[in-house]
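So the sequence shown is numbered by the UniProt record's numbering: it starts at 1 and just counts up by one.
Cβ atoms here follow ideal geometry from the backbone N, Cα and C, with glycine treated the same way.
This structure is a prediction, so every number in the text was calculated from the model and none was measured.
What follows is one structure encoded as structure tokens, with my remarks underneath.
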Amino acid sequence: MEIMKSALTLLTVLAGCQALLRIPLMRGKSARQVLEERGLFEDVRRLFPYDPATKFLPRTEQGVVPMTFDPDTTYYGEISIGTPPQMFKVLFDTGSSDLWVPSVNCSSAACDSHVKFNSSASSTFQAASKPFYISYTSGFAAGTTGYDNIQISDLYVANQLFGLTSTEALFLGSVPWDGILGLAFPSMSFEGGTTIFDNMWNQGKIPQYMFSMYLSSSVEGSMLLLGGTDPSYYTGSISWIPLYQATNYWNIEVQSVSINGNTVACSGGCAAIVDSGTSLIIGPSGDVANINGWLGAFPDQNGDAAVTCSNTRLLPDVVFNINGYSFSLPPSAYIIQSASECKTGFAPSTSWILGEVFMRQFYTAFDVGNNMVGFAQAV
1 MEIMKSALTL LTVLAGCQAL LRIPLMRGKS ARQVLEERGL FEDVRRLFPY DPATKFLPRT
61 EQGVVPMTFD PDTTYYGEIS IGTPPQMFKV LFDTGSSDLW VPSVNCSSAA CDSHVKFNSS
121 ASSTFQAASK PFYISYTSGF AAGTTGYDNI QISDLYVANQ LFGLTSTEAL FLGSVPWDGI
181 LGLAFPSMSF EGGTTIFDNM WNQGKIPQYM FSMYLSSSVE GSMLLLGGTD PSYYTGSISW
241 IPLYQATNYW NIEVQSVSIN GNTVACSGGC AAIVDSGTSL IIGPSGDVAN INGWLGAFPD
301 QNGDAAVTCS NTRLLPDVVF NINGYSFSLP PSAYIIQSAS ECKTGFAPST SWILGEVFMR
361 QFYTAFDVGN NMVGFAQAV
């Protein structure tokens with residue numbers, strides 16, 4: 001009897017593992033790289049200043065879907081929409097809740113470098129009446145909404161609401177992805193309706209009401225896992241942290257940020273958003289200036305925090321103290337090296353955001369059902 005119970009338990013575990021859906025993520029050339037090669041980066045940067053915190057402004061301060069120019073976001077995966085399927089590269093973004101792609105009706109030059117959805121070519125498409133808007137620091141994008149079938153790897157989501165842009169800001173022409181698939185909570189959605197992840201759960205397509213991400217430093221190897229976690233992508237155990245004062249995005253409380261045992265930022269605690277759609281670690285300007293000061297950084301010609309490349313190995317760890325756990329970022333995690341210089345991965349805005357720089361170091365799990373975020377040391 002005990003042998004039979006053990007066998008049934010093993011089969012249950014194996015079945016859960018088989019149901020866990022793995023979506024490979026690629027690292028494309030960043031918008032910064034593309035625009036620098038064209039000699040356009042400075043012009044675009046002036047038009048669209050980098051301020052990722054605008055994504056999380058209260059509803060009273062914005063009437064449309066927020067978005068900002070992030071020149072260093074690089075990860076994307078593939079989905080298909082419609083019948084027969086039309087393929088798109090999308091940014092899987094834990095900082096937003098909507099799915100959108102360009103439409104064949106898009107009149108902006110930005111759409112010309114991306115795949116565009118042809119609704120008339122899909123036998124399962126149904127138009128919706130609500131317009132779709134995306135706001136930017138400067139300019140905006142607009143379009144329509146509709147319903148269709150979405151395929152992500154071997155998973156199908158029926159009758160999913162999504163946006164179709166007909167106007168897009170200039171900078172979107174240089175990003176490596178065509179559209180965005182949001183993985184924040186439904187209350188953050190500006191399209192209305194049920195988010196794609198909730199539809200996966202409601203339609204019984206995933207084994208657990210959670211997803212996780214492994215972000216590699218290489219071009220290949222990154223992974224989005226829908227329906228659970230995979231210990232092959234991390235060492236030790238996952239440290240779970242409850243969400244903090246938030247019902248619509250992945251917000252946690254950080255007790256402090258320290259270097260060599262000294263509190264250098266977030267003194268007395270602060271809120272931080274875990275966002276796969278932000279490339280750097282973002283914080284209030286005073287805190288970030290203090291961190292960069294401890295790292296010996298100096299402003300480069302763009303105002304970014306640069307350091308001497310030959311000294312990076314001598315730099316200290318930056319430690320985020322969260323819920324009784326210490327998450328240590330070595331210089332190899334927070335220094336970003338290009339062909340011309342080395343920069344820190346800390347940039348100023350109005351609030352704390354733990355973006356790709358943090359998530360590359362720590363495998364990140366998002367437990368929707370229990371309102372928790374989990375971190376484990378990435379392999």
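On a Cα-Cα basis, can you pick out the residue from T278, N290, G143 that is closest to V264?
N290
Considering just the uninterrupted stretch of the beta strand (DSSP E) at W100, what are its terminal residues?
99-102
Which ranges would you report for the alpha helix (DSSP H) in the region 247-322 if only whole runs of at least 4 residues count?
Taking only runs of at least 4 residues, the alpha helix (DSSP H) segments lying wholly in the region 247-322 are 285-294.
Nearest to S119 (by Cα), restricted to the options G324, D148, D300, A376:
D148
Which residues mark the beginning and the end of the alpha helix (DSSP H) in which Y334 is found?
That run of the alpha helix (DSSP H) goes 331-334.
Alpha-carbon to alpha-carbon, Y76 and Q208:
Roughly 23 Å separates the two Cα atoms.
In whole angstroms, what is the alpha-carbon distance linking D51 and S351?
10 Å
Going by DSSP, what residues sit across from W240 in a beta bridge?
DSSP lists G374 as partners of W240.
Have a look at the DSSP bridge pairing and note the partners of D367.
M210, M372
Rounded C-alpha distance that separates A272 from S218
26 Å
Start-to-end residues for the beta strand (DSSP E) that takes in M188:
Segment: none, M188 is in no beta strand (DSSP E) and carries neither H nor E.
Please state whether the Cβ-Cβ distance between S97 and L215 is less than 9 Å.
no
Taking all protein chains shown into account, decide if S212 is buried (16 or more other Cβ within 10 angstroms of its Cβ) or exposed.
Burial check for S212: the Cβ neighbour count within 10 Å reaches 16 or more, so the residue is buried.
For F88, count neighbouring Cβ atoms within 10 angstroms of its own Cβ and tell me buried if that reaches 16, exposed if not.
buried
Residue range of the unbroken beta strand (DSSP E) whose run includes N159:
155-167
Should the region 296-315 be regarded as contacting the region 325-344, the criterion being three or more beta carbon pairs within less than 8 Å?
Taking a contact to require three or more Cβ pairs closer than 8 Å, the region 296-315 and the region 325-344 qualify as touching.
Quick one: is the Cβ of S256 within less than 8 Å of any heavy atom of the ligand NAD?
Absent from the structure shown: the ligand NAD. Ligands present: none.
Measure the C-alpha to C-alpha separation of L11 and A19 and round it to an integer number of angstroms.
For L11, the predicted structure reports a pLDDT of 39, less than 50, and the residue's modelled location is therefore unreliable. The matter cannot be settled from this model.
Starting from D178 and walking both ways along the beta strand (DSSP E), at which residues does that stretch end?
It is not in any beta strand (DSSP E) - D178 carries neither H nor E in the DSSP assignment.
CA-CA distance, T68 and R45?
11 Å
Three-state class that DSSP yields for D70 in the structure shown
coil
For residue 454, which residues from the same chain have a beta carbon less than 7 Å from its beta carbon, with the 5 sequence-adjacent residues on both sides left out?
The chain is shown only over 1 to 379; residue 454 falls outside these bounds and no answer can be derived.
Give the straight-line distance between the Cα atoms of D43 and Y133, rounded to the nearest whole angstrom.
24 Å
Looking at the secondary structure, which residues open and close the alpha helix (DSSP H) in which Q33 lies?
Per DSSP, Q33 belongs to the alpha helix (DSSP H) from 31-38.
Residues of its chain near S189, where Cβ-Cβ distance is below 8 Å and the 5 sequence neighbours each way are ignored:
Answer for S189: S97, D98, G182, T195, listed in chain order.
Taking the alpha helix (DSSP H) that E42 belongs to, which residues open and close that run?
41-47
Alpha carbon of L354 to alpha carbon of P284, nearest angstrom
In this structure, the straight-line span from the alpha carbon of L354 to that of P284 is close to 12 Å.
Could you tell me the alpha carbon to alpha carbon distance between L57 and G163, rounded to whole angstroms?
C-alpha separation (whole angstroms): 21 Å.
Between the CA atoms of T54 and S349 - distance to the nearest angstrom
9 Å
On a CA-only basis, which of D275, G82, V101, D93 is nearest Q126? Give me that one, please.
Considering only alpha carbons, the answer is G82.
Thinking C-beta only, is D275 closer than 9 Å to Y249?
yes
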